[in-house]
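Q: Residue numbers (our numbering), protein chains in the order written: chain A, 25 to 378; chain B, 196 to 539.
Virtual Cβ for every residue (Gly too), placed ideally from N, Cα, C.
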Amino acid sequence: MTLSVAAGRVTYRVGRGAVSGVVALRAALLAVLLALAAFGLFVLSVATGDLALPLADVVPALVGGGDPATLFVVQELRLPRALVGLLVGVVFGLSGAVFQTMTRNPLAAPDMIGITAGAQVAVVGGIVLGWGAGRGTQALGLAGAFVAGIVVYLLSLGGGRGATGYRIILVGIGVSWACTSLTDYLLAKALPYQANQAIGWLFGSLAERGWHHVRPLALSAAVLVPVTVLLSRWLRTLQLGDTVAKGLGTPVGAVRFTLLIVGAGLAAFGTAAAGPILFVALVSPQIAQRLAGTPAPPLVGSALAGAVLVLAADLLSRYVLTDVGLPVGVVTGILGAPVLLWLLTRANRSGSGG
Amino acid sequence: MSTPARPPAGRRLPRQFAALAGIAAVLAALCLISIAVGARSMPLGHVLGALFDPGRAPEDELAIVRGLRIPRTALGLLAGASIGLAGALMQGLTRNPLADPGLLGVSAGASFGIVAAVALLHVSDFYGYVWFAIAGAVAASAVVYVLGGLGQGGATPVKLALAGVGVTFFLGSLTSAIVLSSQAALDRYRFWSAGSLAGQEAGTLWRVAPFLLVGIVVALSIAPALNSLALGDRMARALGRRVGLVRVTGALAVTLLAAASTAVTGPIVFVGLVVPHLVRLITGPDYRLLLPFTLVVSPVLLLAADILGRVVVRPGEMQVGVIVAFLGAPFFIALVRRRSVAEL
């Protein structure tokens with residue numbers, strides 16, 4: 025294995041060049057730091073609560089050691105919530121990075137192009153029509169997001185040129201607004217207690233999450249995250265525009281279809297588990313891109329930035345703003361927006377500024 | 196995208212003007228229908244009578260037409276034109292098809308202004324809200340513009356768009372936080388945020404009309420500059436445009452238009468997002484045609500939706516915001532699919 029370092033990048037070759045690649049040092053360092061931050065917040069999230077646990081007890085309890093009382097609090101009460109927070113952040117961040125790179129538009133997150141809106145209309149419809157109890161909400165959110173993603177893809181096909189990124193955005197806007205207005209209509213039709221339940225879900229929350237929320241999310245993340253990372257090579261060529269990507273040998277149509285399904289799937293499972301925590305998918309890739317100094321959102325960095333954002337917002341909502349009782353979906357905006365704005369203002373080159 | 200089959204611009208213009216005149220005629224007809232239709236409908240003959248021969252019209256019809264229907268129709272006309280124009284400007288300034296009039300933080304600032312006025316300052320007079328909404332919108336867009344313009348390179352489209360999204364979500368979160376903890380603010384906010392033309396008096400219209408008219412004039416005046424901007428900042432500069440000045444003027448026009456109309460009608464964002472895309476299918480990317488067309492097409496959409504909202508659930512009403520998005524979206528998707536879209 026040979027390594028060479030130049031201009032902040034490490035080039036590695038294994039064997040006689042059969043496996044090789046380039047790692048940007050700054051992006052790698054950022055990923056490590058974000059991972060550490062996410063782990064720290066995760067442990068803190070498990071340790072803090074009505075019964076504060078010392079960190080020395082929490083870490084063994086995570087892997088099944090310690091006294092039964094601590095074990096119960098950690099494994100049954102706090103771990104599911106922290107895990108949902110972590111995983112939701114990861115899938116939203118990754119999903120945003122996929123859509124923003126694929127469409128070459130920093131505003132293209134699942135919240136903006138119809139996927140989240142599809143989940144919203146399905147869940148609110150379920151609540152208003154009376155099938156929204158318990159796990160039904162998860163299933164409906166999942167189905168709504170997937171159907172919306174597929175509808176966006178199918179509608180942006182045709183016209184002989186296939187689904188270009190631009191067309192996906194425009195069709196996504198249309199689908200998103202049709203769903204949103206339907207949600208508004210359903211909310212206006214709903215009985216007061218139904219409207220309260222629906223609005224509670226619409227803000228996105230990590231309260232009262234159990235293992236039945238964690239399992240589908242963890243399974244889907246275990247499949248979709250590696251698939252996304254494997255697709256990243258093609259994602260990077262797609263960033264250069266369709267013509268160049270085709271010239272470099274990327275099967276543009278197939279790749280775009282796979283990416284859309286994967287991105288929608290990530291957002292769908294996240295929304296099913298925690299509700300539409302808006303803004304995470306949009307802002308995490310942009311924060312990661314600016315911190316890493318890369319021309320496009322780094323996938324691993326975006327996922328970890330999402331996790332840090334959601335976990336930090338959850339901690340803040342539970343222990344700093346206790347008397348207000350804000351859902352996590354409100355706090356992510358208060359926490360994430362200033363970070364993005366601060367990064368924007370200290371951009372000293374037009375390249376890193378956008 | 197260039198389509199070589201098109202005739203040269205000189206022969207195309209008369210057709211464009213004919214189309215513009217046709218749409219304006221549709222708009223005039225919609226205005227009459229909007230005055231005629233409502234909880235108490237009246238035949239068009241009576242409407243014309245009340246409008247042009249008020250001496251002989253019955254007292255009650257005159258009261259309805261003058262007191263309710265004309266202010267509402269005029270508001271739809273002005274607000275529709277403003278919000279559409281603001282959307283077209285925003286898309287031109289940020290060169291982003293996802294840009295809507297709210298992207299500069301205007302809608303979020305207006306909502307925050309209203310909610311803060313109700314919850315923190317206990318304002319309950321309706322005219323009070325309008326000023327707080329305008330103040331919030333102006334402050335938010337100023338913050339967005341300053342933040343987006345810091346650092347080398349000035350207010351590039353991407354920085355502007357991202358700063359706008361950041362401020363929008365930040366204020367949106369604060370608004371939600373206040374709304375979740377104050378019942379009075381929630382009631383007022385829900386009424387406003389649905390987006391409606393109903394229940395406005397002529398006085399409100401007079402208060403916001405000057406803002407809107409100035410905004411429209413400023414917007415139309417920078418159309419040629421937007422064309423240069425579409426070629427990219429460097430090209431625009433090479434063509435002799437003062438890019439920074441164009442952006443500030445454009446942002447000012449968007450703020451005037453969107454702030455004043457949003458303050459009164461609530462966020463009817465969809466019109467501003469979609470109409471410019473629709474119009475681009477007719478006119479192509481030339482802002483000198485795009486802006487005037489947007490000016491007449493947007494109120495057509497808004498008034499048609501408002502009339503429909505008054506008819507479908509009689510004697511009640513459905514909010515215009517809901518109808519516009521629900522009916523407009525499929526139509527928009529169909530158009531996007533049928534024609535090759537002119538990219539920004």
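Under the DSSP definition of a beta bridge, which residues are partnered with Gly-45(A)?
A: In DSSP, Gly-45(A) forms a bridge with Tyr-36(A).
Q: Determine the burial state of Leu-440(B): buried for a count of at least 16 other Cβ atoms within 10 Å of its Cβ, exposed for fewer.
A: Looking at its Cβ environment, which holds fewer than 16 other Cβ atoms inside 10 Å, Leu-440(B) is exposed.
Q: Identify the continuous alpha helix (DSSP H) that holds Thr-478(B) and give its terminal residues.
A: Looking at the DSSP string, the run of the alpha helix (DSSP H) that includes Thr-478(B) is 464-478.
Q: Give every residue of the same chain whose Cβ lies closer than 8 Å to the Cβ of Tyr-384(B), excluding the five residues on either side of it in the sequence, and list them in chain order.
A: Hits under 8 Å: Ser-306, Ile-309, Val-310, Val-313, Thr-370 and Val-374.
Q: Check Leu-350(A) in the structure and name its three-state DSSP category.
A: Here Leu-350(A) sits in coil by DSSP.
Q: Over what stretch of residues does the alpha helix (DSSP H) that includes Val-506(B) continue unbroken?
A: Where Val-506(B) is concerned, the enclosing alpha helix (DSSP H) stretches over 482-507.
Q: What is the rounded straight-line gap between the Cα of Cys-226(B) and the Cα of Leu-270(B)?
A: Their Cα atoms are separated by approximately 11 Å.
Q: What alpha helix (DSSP H) runs, 4 residues minimum, are completely inside the segment 436-467 of chain B?
A: Those alpha helix (DSSP H) runs which fall completely within the segment 436-467 of chain B and span 4+ residues are 438-460.
Q: What in chain A is Cβ-close to His-472(B), meaning under 9 Å?
A: Residues of chain A passing the Cβ test: Leu-194 and Ile-197.
Q: Which word fits Pro-253(B), buried or exposed, when buried means at least 16 other C-beta atoms lie within 10 angstroms of its C-beta?
A: Burial call: exposed.
Q: Where does the unbroken alpha helix (DSSP H) through Thr-207(A) begin, and where does it stop?
A: Thr-207(A) -> alpha helix (DSSP H) spans 189-213.
Q: How many angstroms separate the CA atom of Val-338(B) from the CA atom of Gly-198(A)?
A: Whole-angstrom Cα-Cα distance: 29 Å.
Q: Which residues bound the beta strand (DSSP E) around Leu-27(A)?
A: Per DSSP, Leu-27(A) belongs to the beta strand (DSSP E) from 26-30.
Q: Indicate the three-state DSSP secondary structure (helix, strand or coil) for Trp-155(A) in the structure shown.
A: Reduced to three states, the DSSP call for Trp-155(A) is coil.
Q: Would Thr-369(A) pass as an interface residue toward chain B - the criterion being a Cβ-Cβ separation below 7 Å?
A: True, the Cβ-Cβ gap to chain B drops below 7 Å.
Q: Report all residues from its chain with a CB closer than 8 Å to the CB of Arg-235(B); omit the five preceding and five following residues, and keep chain order.
A: These residues qualify, in order along the chain: Ile-259.
Q: Return the CA-CA distance between Leu-355(B) and Leu-364(A), expressed in angstroms with no decimal places.
A: Cα to Cα, the separation comes out at about 12 Å.
Q: Can you give me the start and stop residues for the alpha helix (DSSP H) that Pro-300(A) sits inside?
A: Segment: none, Pro-300(A) is in no alpha helix (DSSP H) and carries neither H nor E.
Q: If you measure from the beta carbon of Ala-202(A) to each beta carbon in chain B, is any gap under 7 Å?
A: So, interface residue.
Q: Here's the rule: buried if 16 or more other CB atoms are within 10 angstroms of the residue's CB, otherwise exposed. What is Pro-202(B)?
A: Residue confidence for Pro-202(B) is low, a pLDDT of 46 falling below 50, so the modelled location carries little weight and cannot support an answer.
Q: Is the Cβ of Ala-336(A) closer than 7 Å to any Cβ of chain B?
A: False, the Cβ-Cβ gap to chain B never drops below 7 Å.
Q: Assuming the contact rule is C-beta atoms closer than 8 Å, Val-362(B) and Ala-335(B) should be a hit. Round their C-beta distance to whole Å, please.
A: 6 Å between Cβ atoms; contact.
Q: DSSP on His-317(B), reduced to helix/strand/coil?
A: Coil.
Q: Taking only three categories from DSSP, how would you classify Ile-518(B)?
A: Residue state, collapsed to three classes: helix.
Q: Would the beta-carbon of Val-495(B) fall within 7 Å of that of Val-221(B)?
A: The answer is yes: Cβ separation under 7 Å.
Q: Can you look up Glu-100(A) in the DSSP assignment and give me helix, strand or coil?
A: Here Glu-100(A) sits in helix by DSSP.
Q: Taking contact to mean at least 3 C-beta pairs separated by less than 8 Å, is the segment 300-311 of chain A in contact with the segment 353-367 of chain A?
A: Result yes; three or more Cβ-Cβ pairs closer than 8 Å.
Q: Whole angstroms are fine: how far does the CA of Leu-194(A) sit from the CA of Ala-223(B)?
A: Ala-223(B) and Leu-194(A): Cα-Cα distance of roughly 30 Å.
Q: Mind listing the chain B neighbours of Leu-340(A)? Cutoff is C-beta to C-beta under 7 Å, in chain order.
A: Near Leu-340(A) there are no residues of chain B at all, since even the closest Cβ is about 12 Å away, more than 7 Å.
Q: Work out the CA separation of Asp-295(B) and Ile-518(B) for me, nearest whole Å.
A: The alpha-carbon atoms of Ile-518(B) and Asp-295(B) are separated by roughly 18 Å.
Q: From Val-466(B), Asp-428(B), Ala-520(B) and Thr-399(B), pick the residue whose C-alpha is nearest to that of Ile-265(B); which is it?
A: For Ile-265(B), the nearest C-alpha among the options comes from Thr-399(B).
Q: Do three or more CB pairs link the segment 167-181 of chain A to the segment 131-150 of chain A at distances below 8 Å?
A: Yes: at least three Cβ pairs fall under 8 Å.
Q: Looking at chain B, is there any beta carbon in it that lies within less than 7 Å of the beta carbon of Ser-28(A)?
A: Judged by the 7 Å Cβ criterion, Ser-28(A) is not in contact with chain B.
Q: Output yes if chain A places a C-beta closer than 7 Å to the C-beta of Ser-423(B); else output no.
A: It does not; no Cβ of chain A falls within 7 Å.
Q: To the nearest angstrom, report how far apart Thr-127(A) and Thr-204(A) are at their CA atoms.
A: The alpha-carbon atoms of Thr-127(A) and Thr-204(A) are separated by roughly 22 Å.
Q: What's the C-alpha gap between Ala-281(B) and Leu-486(B)?
A: Each residue's Cα considered, the two are about 10 Å apart.
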